[in-house]
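Engineer: Sending over a structure as structure tokens; questions will come in a sec.
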Amino acid sequence: MALPTIDPYPLPTADELPANRAQWTLEAGRAVLLVHDMQRYFLRPYAHGTQPVTGATANIVDLRAACRAAGVPVVYTAKPGDMTPEQRGLERDFWGAGMKSVAEHTEITPELAPEGEDILLTKWRYSAFAQTDLAERMAAQGRDQIIVTGVYAHIGCQLTAADAFMRDIQPFLVADAVADFSADHHRSALVYAAGRCATVLPTQDALNLLCDVPASTGA
């Protein structure tokens with residue numbers, strides 16, 4: 569039940585993305601950036617210095633910088649180590665006991681370490697909204713869009729996007745700022761999201777929109 573070893577594969581390019589059913593427009597004054605589960609435990613199945621994780625990480629770094637400049641809140645999720653069977657829940661049946669409470673498991677990759685006013689949420693289930701106060705935090709700030717980045721595209725990222733959709737929060741899944749088990753898993757997540765619950769876009773389009781829209785004055 570351990571995580572698989574992940575072979576390198578290229579990130580999707582803009583011309584390879586599925587058509588979006590919903591034509592939403594990302595707005596800095598409405599959005600939050602989610603950096604989803606970029607912990608060392610989840611990144612270790614990737615060979616060091618290979619795609620897709622190298623490119624996805626670099627794109628998240630760029631998105632984070634743009635969001636900070638535009639006044640967009642940056643939210644991280646991270647799972648805790650040494651969860652009890654009750655805390656782990658049904659995920660234990662699929663993935664085993666999970667990570668240990670050691671830095672080489674729980675630490676967020678150094679390139680993306682939270683800073684300053686960034687928000688770090690303890691994550692318990694696939695969706696970043698499950699058993700957290702993410703939705704309440706967003707509502708308190710008048711935010712109804714979420715930019716989804718991180719790992720893994722077809723698990724937590726896809727489920728978070730679907731959960732956001734069911735809460736009337738518009739999700740934007742950044743196609744080359746997420747990584748997955750394989751190109752096929754990655755593609756399936758993008759196709760599902762674009763057709764059922766989110767707008768899928770490349771990093772460059774997200775950066776352009778974040779730079780073009782005036783920053784929020786705060787709530």
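Using the numbering used here, the first residue of the sequence shown is number 569, and each one after it goes up by one.
The beta carbon of each residue, even a glycine, is placed where N, CA and C say it ideally should be.
(1) Which of the three DSSP states, helix, strand or coil, is assigned to D748?
(2) Assess contact between the stretch 748 to 756 and the stretch 730 to 737, defined as three or more Cβ pairs (one per stretch) separated by less than 8 Å. Is contact present?
(3) Leaving out the 5 sequence neighbours to the left and right, which residues in its chain are closer than 6 Å to T690 when beta-carbon positions are compared?
(4) Thinking C-alpha only, which one of Q738, G763, A665 is nearest D692?
(5) Would L585 and A743 be called neighbours here (beta carbons separated by less than 8 Å)?
(6) Check whether the stretch 762 to 771 touches the stretch 588 to 604, counting contact only when three or more Cβ pairs, one atom from each stretch, lie closer than 8 Å.
(7) For Y614, which of helix, strand or coil comes out of DSSP?
(8) Does P770 pass the burial test, meaning 16 or more other C-beta atoms within 10 Å, or should it be called exposed?
(9) Assuming T700 and H604 form a contact by the criterion Cβ under 8 Å, report the distance between their Cβ atoms to the nearest whole angstrom.
(10) Taking all protein chains shown into account, do 16 or more other C-beta atoms lie within 10 angstroms of the C-beta of F610, making it buried, or fewer, making it exposed?
(11) Assess, as a yes-or-no matter, whether the stretch 710 to 720 is touched by the stretch 615 to 631 under the definition of 3 or more beta carbon pairs within less than 8 Å.
Structural biologist: In brief:
(1) coil
(2) no
(3) P648
(4) Reading off the sequence shown, one finds Trp at residue 692, where the question assumed Asp. Of the listed residues, the one whose Cα sits closest to W692 is A665.
(5) yes
(6) yes
(7) strand
(8) buried
(9) That belief does not hold up - the Cβ atoms of T700 and H604 are roughly 12 Å apart, past 8 Å.
(10) buried
(11) yes
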